[in-house]
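Reading through the structure tokens given below for one structure.
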Amino acid sequence: MTILLLGLGLFFGIHTIPMFPSFKASLQSRIGTMRFKGIYSLIALSGFALILLGMSRAEFRPLFAPPAWAPLIATLAMPVSFCLLVAAYVPNNFRRVIRNPMLSGVFVWALAHLIANGDLASILLFGLFGSYAVVDIISVNRRPPAAIPARQPFLMDVLVLAIGFAAFWVVRYFHVALFGVPVV
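Under this note's numbering, think of the first position of the sequence shown as 5, with each following residue one higher.
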């Protein structure tokens with residue numbers, strides 16, 4: 005559990021810096037933008053690696069039994085999560101309505117996994133990711149809004165959905181190989 009907690013601390017510690025724009029700007033001016041990005045990425049990736057290692061080694065400590073309907077909710081929510089994640093990076097019209105599809109996708113992913121997993125390590129992992137997504141969405145929404153993205157051809161929306169659903173099925177199929185646990 006210590007490795008998981010260390011990974012979560014590193015990952016979320018570094019990811020809170022953008023929530024404080026003046027602090028981030030002062031760091032960038034002190035060490036340079038490129039060095040800041042390099043250090044930021046190194047710490048985030050190190051934290052992520054420790055999270056994966058920590059989850060694989062964490063003792064299973066059940067805190068609650070997931071409800072019988074949890075697998076259905078997770079199965080329905082996860083394609084939505086993947087489509088939102090793809091929408092963050094591919095030009096589309098969903099971004100005209102959803103200000104931050106990546107954080108929304110992370111929140112849906114975390115909530116789906118929280119409902120389906122009742123052990124301590126999962127609650128820490130998915131609870132922190134979900135909480136972070138909510139806090140960061142609030143932080144982003146306090147900033148001046150960016151211009152509404154330009155309208156995209158309908159086929160771009162279809163592409164987002166196709167990639168999102170394909171990614172969902174690939175991850176679902178390889179879930180055990182990727183994460184060491186079966187889909188519930």
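The beta carbon of each residue, even a glycine, is placed where N, CA and C say it ideally should be. Just so it is clear, the structure is predicted and the values come from calculations on it, not from any experiment.
- Counting along the chain, the unbroken alpha helix (DSSP H) around ILE43 starts and ends at 37-61.
- Between the alpha carbons of PRO75 and ALA170 lies a distance of about 19 Å.
- Close CB contacts of GLU63 within its chain, under the 7 Å cut and outside five residues either way in sequence, are with MET5 (chain order).
- Note on PRO25: under 16 other CB atoms within 10 angstroms of its CB, so exposed under the neighbour-count rule.
- Beta-bridge partners of PRO95 (DSSP): none assigned.
- Per DSSP, the unbroken alpha helix (DSSP H) holding TRP173 starts and ends at 158-177.
- Here PRO66 carries a strand assignment [DSSP, helix/strand/coil].
- Contact check for GLY109 against LEU89 passes: the beta carbons are separated by less than 9 Å.
- Around the beta carbon of SER60, fewer than 16 other beta carbons lie within 10 angstroms, which makes this residue exposed.
- Nearest in C-alpha terms to PRO66, of all of ALA125, SER33 and GLY184, is ALA125.
- With a threshold of 16 other beta carbon atoms within 10 Å, SER33 falls short and is exposed.
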